[in-house]
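Be aware that the sequence shown starts at 49, since it is given in the UniProt record's numbering, and climbs by one per residue. So the structure is just underneath, and the comments pick up after that.
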Amino acid sequence: LAIPSPPHQHYFGLLGHAPDLDSVLPVRTYWMLMDQYAPIFQLDLNMPFPRVFVGSRELVNEMADDTRFTKFTHRLHREMRAVFGDGLFSAESTDKAWWKAHRLLVPAFGPVGLRKMFDDMQDISAQLVLKWDRFGPEQEIELIDDMSRLTFDTIGLCAFGYRFNEFYTEGPHPFMRQLKESIVESGKRANRPDLMNQLYFRRDEQHRQENIVKMRELCRQIIQERLENPKPEANDLLNVMLHGVDQETGEKLGLENVVFQIPTLLGGGYETTSSTLCFIYYFLCNNPDKLDKARDEVDQIVGDKVLSYDMLRKLRYLDAVMKESLRLQHPVSLLTRFATRDTVIGGKYLINKGQTVSGIWRHFHRDPEVWGADADEFRPERMLDVNFSKLPTNAWKPFGDGLRACIGRGFAEQEILINLAMVLQKFDIEKVNPEYELDLTGQMGVKPVNFKIRVRRRSHRS
Ligand code: HEM
Numbered sequence: 049l050a051i052p053s054p055p056h057q058h059y060f061g062l063l064g065h066a067p068d069l070d071s072v073l074p075v076r077t078y079w080m081l082m083d084q085y086a087p088i089f090q091l092d093l094n095m096p097f098p099r100v101f102v103g104s105r106e107l108v109n110e111m112a113d114d115t116r117f118t119k120f121t122h123r124l125h126r127e128m129r130a131v132f133g134d135g136l137f138s139a140e141s142t143d144k145a146w147w148k149a150h151r152l153l154v155p156a157f158g159p160v161g162l163r164k165m166f167d168d169m170q171d172i173s174a175q176l177v178l179k180w181d182r183f184g185p186e187q188e189i190e191l192i193d194d195m196s197r198l199t200f201d202t203i204g205l206c207a208f209g210y211r212f213n214e215f216y217t218e219g220p221h222p223f224m225r226q227l228k229e230s231i232v233e234s235g236k237r238a239n240r241p242d243l244m245n246q247l248y249f250r251r252d253e254q255h256r257q258e259n260i261v262k263m264r265e266l267c268r269q270i271i272q273e274r275l276e277n278p279k280p281e282a283n284d285l286l287n288v289m290l291h292g293v294d295q296e297t298g299e300k301l302g303l304e305n306v307v308f309q310i311p312t313l314l315g316g317g318y319e320t321t322s323s324t325l326c327f328i329y330y331f332l333c334n335n336p337d338k339l340d341k342a343r344d345e346v347d348q349i350v351g352d353k354v355l356s357y358d359m360l361r362k363l364r365y366l367d368a369v370m371k372e373s374l375r376l377q378h379p380v381s382l383l384t385r386f387a388t389r390d391t392v393i394g395g396k397y398l399i400n401k402g403q404t405v406s407g408i409w410r411h412f413h414r415d416p417e418v419w420g421a422d423a424d425e426f427r428p429e430r431m432l433d434v435n436f437s438k439l440p441t442n443a444w445k446p447f448g449d450g451l452r453a454c455i456g457r458g459f460a461e462q463e464i465l466i467n468l469a470m471v472l473q474k475f476d477i478e479k480v481n482p483e484y485e486l487d488l489t490g491q492m493g494v495k496p497v498n499f500k501i502r503v504r505r506r507s508h509r510s
């Protein structure tokens, strides 16, 4: 059966659908089209085949099938490799380097490893709390800026024992800009025909390469510093990456691979987590009764004490808030796969070998058959009763699935809970503009625009 495709809006379709996409937030166009064409549509985006979008759990289940689809060989990944080399994100699952890093880092991101990172995560969150406290109640806080500082610094410290010190400097650390620019430019290059890249975008490519060189310089410096001044007591991932020996091969990762893991972990972890934190605060500000409940839980479990690792495990409502927010507003928006052979999905739609299929989180995470008639509403309570192992496949999969699922899931969850608990313990929060509705931007990830809050120290908190 033919996959539906909307009529072209511009240039009589000569440039395909590319000019029809929302330039600030392409996924906005996909959301709109999915509302209209659910559960599937395709767009001509100047690739060898039209790009297919799916919005139902059933179709996402099929594209998540590793025997027919792969996360790799997409043009985007070719460009990403230029930035992240054979780091965890852009290496292929057949690559020995991926397996070695995966086997070494999965335990490091496990419960024992995360417990060791607790103090460093708390350290960075305390810097944010201190900064907001000094601001006082009049200051308008552009939330995404401070959340980006928080998440960038947290990975820097917990993963590499490096302090970017985002809370103590005027602008962002150059590494953050270089990383962001390289990712954005790589995304753009992946969406342009090669010839156009070669003819018209040489300067942009030169700039990207300069950024990459500078980032690698800093990564090598961080590694060099640790090798010259070993810190056997450090609880970060750098020790694991530099000295850990993979049981299967008896080999270490190799210095060049560690160089790639640094931007990989920062790239995979900082914007996803900072946007998620913003979305959580947005949903809480919009739902004062839920905010009250969250704060009550913090008062009950943490009270006036300093947050501890054991308290964190008891913050069940906060955990539900986080899960519900990830269900409603994912920070990435699309889960993309690539067909490894001609295949049929949904029993009737032919997907060609090499064709790209993207699952739209917003749609497959809101299946009314799973979540009920209020699936579009923010209701953390529903997450308290969910038995996640019994949920239908892909009903809630913000961290992906299978072999290539997010390695930083526990890290992100712990970091988010620490921040929520510390902020709610100390402050009352409110939107600067009560009428503000979530406005988003982003080419690959999504993050809020102009979401400002004010914080007021709670009367009994000193
Ligand atoms: C992979 C989501 C935080 C590092 C992924 C994937 C998803 C995801 C969906 C799989 C992508 C795919 O299958 O195509 C998220 C979300 C986060 C988050 C929603 C926060 C709320 C983090 C953090 C780190 C991290 C904090 C690191 C400290 C990675 C890496 C991969 C990955 C390295 C690639 C894993 C591999 O392919 O082996 N993430 N992530 N993520 N994530 Fe995360």
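The beta carbon of each residue, even a glycine, is placed where N, CA and C say it ideally should be. Small disclaimer: the values here were computed from a predicted structure and weren't measured.
Coarse secondary structure for residue i, derived from DSSP in three states
i	result
LEU314	helix
ASP194	helix
ASP422	coil
ALA145	helix
PRO74	helix
PRO278	coil
THR320	helix
TYR397	strand
GLY351	coil
ARG211	coil
PRO54	coil
ILE455	coil
PRO496	strand
residue 511	The structure shown does not extend to residue 511, since the chain spans only 49 to 510, so no value can be given for it.
PHE447	coil
LEU176	helix
ASP92	coil
ARG430	helix
GLU296	coil
VAL480	coil
ALA66	helix
GLY407	strand
LEU136	coil
ARG251	helix
C-beta atoms of residue i and residue j nearer than 7 angstroms
i	j	result
LEU286	ARG274	yes
ASN442	ARG211	no
PHE308	GLY135	yes
LEU383	GLY402	no
THR404	PHE132	no
LEU152	ASP294	yes
HIS125	SER141	no
ASP201	GLU218	no
LEU227	GLY316	no
VAL480	GLU186	no
GLY493	PRO379	yes
MET431	GLU372	yes
ASN94	GLY61	no
GLY209	ALA282	yes
ILE192	LYS500	no
LEU332	LEU325	no
ILE231	LEU198	no
GLY170	ILE466	It should be pointed out that residue 170 corresponds to Gln in this sequence rather than to Gly. Closer than 7 angstroms, so yes.
GLU229	ASP252	no
Any non-hydrogen atom of the ligand HEM closer than 6 angstroms to residue i Cβ
i	result
PRO496	no
ALA460	yes
PRO446	yes
ILE455	yes
ILE231	no
PHE308	no
THR115	no
GLY316	yes
THR202	no
ARG375	no
THR320	yes
ARG452	yes
LEU136	yes
THR388	no
THR324	yes
Rounded distance between the beta-carbons of residue j and residue i, thought under 8 angstroms
i	j	result
SER196	SER381	About 18 angstroms separates the two Cβ atoms, so there is no contact after all.
HIS56	ASP68	7 angstroms
ILE349	LYS362	5 angstroms
GLN491	PRO74	7 angstroms
PHE412	GLY103	6 angstroms
VAL72	THR489	5 angstroms
TYR329	GLU345	About 16 angstroms; that fails the 8 angstroms criterion.
GLY450	ASP242	Not quite, the Cβ-Cβ distance comes to about 31 angstroms (not below 8 angstroms), so this is no contact.
LYS119	ARG385	6 angstroms
Any non-hydrogen atom of the ligand FAD closer than 6 angstroms to residue i Cβ
i	result
LEU124	Ligands in the displayed structure: the ligand HEM; the ligand FAD is not one of them.
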